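*Asks:* Numbering (the UniProt record's numbering), first residue to last: 1 to 343.
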Amino acid sequence: MMLFRSVQHEDLGDILNLSSRAGVGLTTLPNNQEYLAARISRSIDSFNDAKGRAQQGFLFTLEDTEKHRVVGVSALEVAVGLEEPFYNFRVQRSVRSSRELGIYNTFETLIVGQDYTGCSELCTLFLDPDYHGGSNGVFLSRSRFLFIAAFRHLFSKHIFAEMRGVVDQQGESPFWNALGQHFFNVPFAEADYLTVLGSKTFIAELMPFHPIYVPLLPEEARQAIGQVHENTLPARAILEKEGFAYHEAVDIFDAGAILDAEIDNVRTIKASRLVHVKRSANVSRSQDGLPYIISNLHFQDFKALLLHISAPQDSDELGLTSEEMEALHLDDGDSVRFVSLFS
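#1: Taking only three categories from DSSP, how would you classify Gly72?
#2: Would you say the segment 223-239 touches the segment 134-142, given that touching needs at least three Cβ pairs under 8 angstroms?
#3: Just the C-alpha distance for Leu297 and Asp45, rounded to the nearest angstrom, thanks.
#4: Buried or exposed for Thr65, going by 16 or more other Cβ atoms inside 10 Å?
#5: Return the CA-CA distance between His229 and Leu16, expressed in angstroms with no decimal places.
#6: At which residue ranges does the segment 227-313 contain complete beta strand (DSSP E) runs of 3 or more residues, listed in the order of the chain?
#7: Please confirm whether Gly249 and Arg90 have their CB atoms less than 9 angstroms apart.
#8: Is the Cβ-Cβ distance between Phe58 and Glu77 less than 9 angstroms?
#9: Using only the alpha-carbon positions, how far apart do Glu83 and Ser6 sit?
#10: When you compare only the Cα positions, how much space is there between Arg21 and Val71?
#11: Is DSSP giving Asn31 helix, strand or coil here?
#12: Who are the Cβ neighbours of Pro215 in its own chain at under 6 angstroms, not counting the five residues just before and after it?
#13: If Leu305 and Glu324 are in contact, beta carbons under 8 angstroms, what's the gap, nearest whole angstrom?
#14: So Arg144 is in the alpha helix (DSSP H); what residue range does that whole segment cover?
#15: Tell me whether the beta-carbon of Gly180 lies closer than 9 angstroms to the beta-carbon of Phe253.
#16: What residue does the alpha helix (DSSP H) around Asp64 start on, and which one ends it?
#17: Would you call Val95 buried or exposed, if buried means 16 or more other Cβ atoms sit within 10 Å of its Cβ?
#18: Which value, in whole angstroms, describes the spacing of the CA atoms of Leu274 and Leu194?
#19: Within 10 angstroms of the Cβ of Ala271, are there 16 or more other Cβ atoms? Answer buried if so, exposed if not.
#20: Provide the residue span of the alpha helix (DSSP H) that contains Glu326, from first to last.
#21: For the beta strand (DSSP E) containing Ala22, list its first residue and its last residue.
#22: Tell me, to the nearest whole angstrom, how far the beta carbon of Val339 is from that of Leu62; I am working on the premise that it is less than 8 angstroms.
#23: Taking Cβ positions, are Ala255 and Phe175 nearer each other than 9 angstroms?
#24: Thinking C-beta only, is Leu125 closer than 9 angstroms to Ala235?
#25: Taking the alpha-carbon of Asp11 as reference, which of Asn32, Asn31, Ile40 has the nearest alpha-carbon?
#26: Grab me the residues of Ile103's own chain with a C-beta within less than 7 angstroms of its C-beta, minus the 5 sequence neighbours each way, in chain order.
#27: Between Arg337, Leu328, Leu307, Thr268, which has its C-alpha nearest His276's C-alpha?
#28: Could you tell me which of Ala79, His9, Gly113 sits nearest to Ile148, measuring between CA atoms?
#29: Hey, how far is the Cα of Phe160 from the Cα of Leu259?
#30: Measuring alpha carbon to alpha carbon, tell me which residue in Gln33, Ser322, Ala261 is nearest Asn282.
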């Protein structure tokens, strides 16, 4: 059984192991035990604060319950940029023309901004490569939206996801090598690592705030703007099916695409609904059934399962096995939120 749940302190070892496999560019999952322990503690503090604060951050895990091992992580930030600035590049198109020469040119510039200050963020999505395939990645990503739907009052009107940009197998970013390294004088991996550890003032101190003319960059760097790492393509596809879109905003380090959406228009949030559960001894699960995500409504102990249900659920009651009820910490008559995996 694969269980999506809120993070616990004892998950640190498994998450540290996952971070060692994530590679360069996944900024919010560095291979740093002290940072990850603090991240887990902050998440647990957030889950213990039901009233809500703008600085809350929620870290979730995907657990293989048979092996008692965390095999994936994903996270939510309630609002970014309120305590530490959140920078991005805005891609803008400019026009120059000469009537005398009969020349009309369009070109792109990059402008430093803080367009997402106060917005909610999807982040830290990583699944153990051994668990790729099937529906694990979609389950790990989309279950966060059921949490948002259950506790909508905590989150902003807008939500975004900063996607990992183009980085080669040696950890080199063509965009960083063409631009950032000239102003920061450190390798891409080091700059990326410093930001996640909280050393962000150097960005404001060293980053050029005048427009960057894209045609002056090398071809490889230009091609990286608004693209994502090959391992991030499935995550991008999941979000685009949810209604997220690229609106010409990119990461300032690797130029990875930033996707955004209005929360109330996100497909999973709109399509999910509430039903009551009932313990049933007659429930059988078959891979021929339709996959549904079912979550409890417990703030501190949020959990979700991916279940195959033999027929579409139109009633207000859903039958679950004793094992499923216990996994979700439910009693007869409790409400759950559920949605088809392919709605």
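For every residue, glycine included, the Cβ atom is placed at its ideal position computed from N, Cα and C.
Only a predicted model underlies this, so the values are computations on that prediction, with no experimental measurement involved.
*Replies:* Reading from the atomic positions:
#1: Residue state, collapsed to three classes: strand.
#2: By the C-beta criterion, the segment 223-239 is judged to be in contact with the segment 134-142, since at least 3 inter-stretch pairs fall below 8 angstroms.
#3: Rounded to the nearest angstrom, the two C-alpha atoms are 18 angstroms apart.
#4: Thr65 comes out exposed.
#5: The alpha-carbon separation between His229 and Leu16 amounts to approximately 22 angstroms.
#6: Runs found: 245-250, 257-262, 273-279, 290-295, 303-309.
#7: Reading off the sequence, residue 249 comes out as Ala, not Gly. Yes, the Cβ-Cβ distance between Ala249 and Arg90 is below 9 angstroms.
#8: A contact, by the Cβ cut-off of 9 angstroms.
#9: Distance between the alpha carbons of Glu83 and Ser6 is about 24 angstroms.
#10: Computed Cα separation, rounded: 11 angstroms.
#11: Asn31 sits in coil when the DSSP states are folded into three classes, being neither helix nor strand.
#12: Within the same chain, and ignoring the five residues on either side of Pro215 in sequence, the residues whose Cβ sits closer than 6 angstroms to its Cβ are Phe107.
#13: Rounded, the Cβ-Cβ distance is 6 angstroms, consistent with contact.
#14: Counting along the chain, the alpha helix (DSSP H) containing Arg144 begins and ends at 136-150.
#15: Yes, the pair counts as a contact, with Cβ atoms nearer than the cut-off.
#16: First-last for Asp64: 57-64, but that is the beta strand (DSSP E), not the alpha helix (DSSP H).
#17: An exposed status is given to Val95, since fewer than 16 other beta-carbon atoms sit within 10 Å of its beta-carbon.
#18: In this model, Leu274 and Leu194 are separated by some 43 angstroms (Cα to Cα).
#19: Exposed is the call here.
#20: Unbroken alpha helix (DSSP H) run through Glu326: 322-327.
#21: If you look at Ala22, you'll find it isn't in any beta strand (DSSP E); it sits in the alpha helix (DSSP H) that goes 12-22.
#22: The Cβ separation is near 17 angstroms, so there is no contact.
#23: A distance below 9 angstroms separates the beta carbons of Ala255 and Phe175.
#24: Yes; because the gap between Cβ atoms is below 9 angstroms, this pair is in contact.
#25: Nearest option by C-alpha distance: Ile40.
#26: The beta carbon of Ile103 lies closer than 7 angstroms to those of Ser97 in the same chain, with the five residues before and after it left out.
#27: Check the Cα spacing between His276 and each of Arg337, Leu328, Leu307, Thr268: the tightest is with Arg337.
#28: It is Ala79 whose Cα lies nearest to the Cα of Ile148.
#29: Their backbone Cα atoms lie some 5 angstroms apart in a straight line.
#30: If we check each option's Cα against that of Asn282, Ser322 comes out closest.
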